[in-house]
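What follows is a short report on a single structure.
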Amino acid sequence: MKIHDLTPLALLLGPLVGLGAAQTPFAVNVTVGPDPAPLGCPVQITFSNDRPGIAGVFNCSYRVLDAQGGLVFDPTCSPILFDLGPYGWLPFEWNQVDQSGSPVPPGDYWVEASFESGATELHPVTLGGTDAGLVLRGTATVTQTFTGENRPFVLCSPLDPGRPFWLLAALGQSPGIATCGGTLPLTLDPLLQATLVPNSLLLGSQGNLDGNGMSMGPRLDLPDVPSLAGVQFSTAFLVLDFQAPCVVRRVSPAHTMKVLP
Numbered sequence: 027m028k029i030h031d032l033t034p035l036a037l038l039l040g041p042l043v044g045l046g047a048a049q050t051p052f053a054v055n056v057t058v059g060p061d062p063a064p065l066g067c068p069v070q071i072t073f074s075n076d077r078p079g080i081a082g083v084f085n086c087s088y089r090v091l092d093a094q095g096g097l098v099f100d101p102t103c104s105p106i107l108f109d110l111g112p113y114g115w116l117p118f119e120w121n122q123v124d125q126s127g128s129p130v131p132p133g134d135y136w137v138e139a140s141f142e143s144g145a146t147e148l149h150p151v152t153l154g155g156t157d158a159g160l161v162l163r164g165t166a167t168v169t170q171t172f173t174g175e176n177r178p179f180v181l182c183s184p185l186d187p188g189r190p191f192w193l194l195a196a197l198g199q200s201p202g203i204a205t206c207g208g209t210l211p212l213t214l215d216p217l218l219q220a221t222l223v224p225n226s227l228l229l230g231s232q233g234n235l236d237g238n239g240m241s242m243g244p245r246l247d248l249p250d251v252p253s254l255a256g257v258q259f260s261t262a263f264l265v266l267d268f269q270a271p272c273v274v275r276r277v278s279p280a281h282t283m284k285v286l287p
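Just add 26 to the spot in the sequence shown (first one is 1) and you have our numbering.
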């Protein structure tokens, strides 16, 4: 049963709408992550059209700067303008390399996104400091014509190729849930309990990482309830080892999203 049929989830989220409605988004929004990103995990840079009209995005729409603003990587190419249809998205990946193709050291970086208008926008990202991370490709969006179900999460844990994972969500992160393999940074609240049901809010929430320790199988399936715009929630995943004394092999940091109209 799809989450669109589970009206209790809308009831769980509905009372929180008044905590801060999302501002009207630009025609194109940019999502960068994981942040922090494990070493060896491609940084995902996603341009998403969160309006019902057409938006333009160039194929060379980002570059990477170091903490001081120096150029690290620029995907040089002949600019081509892509038309993004209503609620479409265009993903890019930065493989944590410099202009010569050599791996960059851990630390703080900026992703500079550029738009058709000529405007730019800076997004911070930290490399290292964690062994697992995730990000949604695009924004969490509620509309009558698109409810996010085609926008995947990208999970990455390069030390765990082929291992099972379990993606969960909650309305908060504190105090977290202690496990034998670390603290899951999610609150034990009704939303988390709802996502314990496989394929509810999070389609493909259980599966196996690929040979690179990645998965783009999980997808966000928000209820088609426009009043959910403004709700903030977090996701995190566990890497599991059913043969070990502690079944929780690794815990990712949380990735927080705010639902847009």
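By construction, the Cβ of each residue, glycine as well, lies at the ideal position given by its N, Cα and C atoms. From a predicted model like this one, the values you see are computed outputs, not experimental measurements.
G233 is positioned such that its CB atom lies closer than 8 Å to that of S241. Around the beta carbon of Q70, 16 or more other beta carbons sit within 10 angstroms, so the residue counts as buried. The Cβ neighbour count for C67, taken over all protein chains shown within 10 Å, is at least 16; the residue is labelled buried. Separation of the CB atoms of D186 and V265 is rounded to 5 Å, and the pair is thereby assigned contact status at 8 Å.
The C-beta distance from L194 to T261 rounds to 7 Å, short enough to meet the 8 Å contact threshold.
Around the beta carbon of A81, 16 or more other beta carbons sit within 10 angstroms, so the residue counts as buried. Going by C-alpha positions, F99 is about 5 Å away from V90. Take F191, set aside five residues on each side of it, and the residues of its chain with a beta-carbon closer than 8 Å to its own are L181, S183, Q232, G233, N234, L235, S241, F263, L264, V265, L266, in chain order. For G95, the closest of A270, G155, V137, V251 by C-alpha to C-alpha distance is V137.
Note on geometry: alpha-carbon atoms of L107 and S143 lie some 12 Å from one another. With at least 16 other beta carbons inside 10 angstroms of its own, F118 counts as buried.
Between Q199 and L212, the C-beta gap is smaller than 8 Å, which places the two residues in contact. Annotation for N55: S74, D76, T165 place their beta carbon closer than 6 Å to its own, counting only its chain and skipping 5 residues before and after. As computed with DSSP, M283 is found in a beta bridge with F259. R245 is bridged by DSSP to P178, L229. Taken through DSSP and simplified to helix, strand or coil, A196 comes out as strand.
Linking V161 to L246 through their CA atoms gives a straight-line distance of about 11 Å. In the structure shown, L116 falls within a strand segment according to DSSP collapsed to helix, strand and coil. In the three-state reduction of the DSSP assignment, L222 falls in the coil class.
Across the structure, L97 and V123 are spaced so that their CA atoms are roughly 12 Å apart. Bounds of the beta strand (DSSP E) holding T152 are 146 to 153. The alpha helix (DSSP H) runs lying completely inside the stretch 47 to 78 and spanning 4 residues or more number zero. Beta-carbon to beta-carbon, V130 and G207 are separated by about 29 Å, too far to satisfy the 8 Å threshold. DSSP, read as helix, strand or coil, puts L97 in strand.
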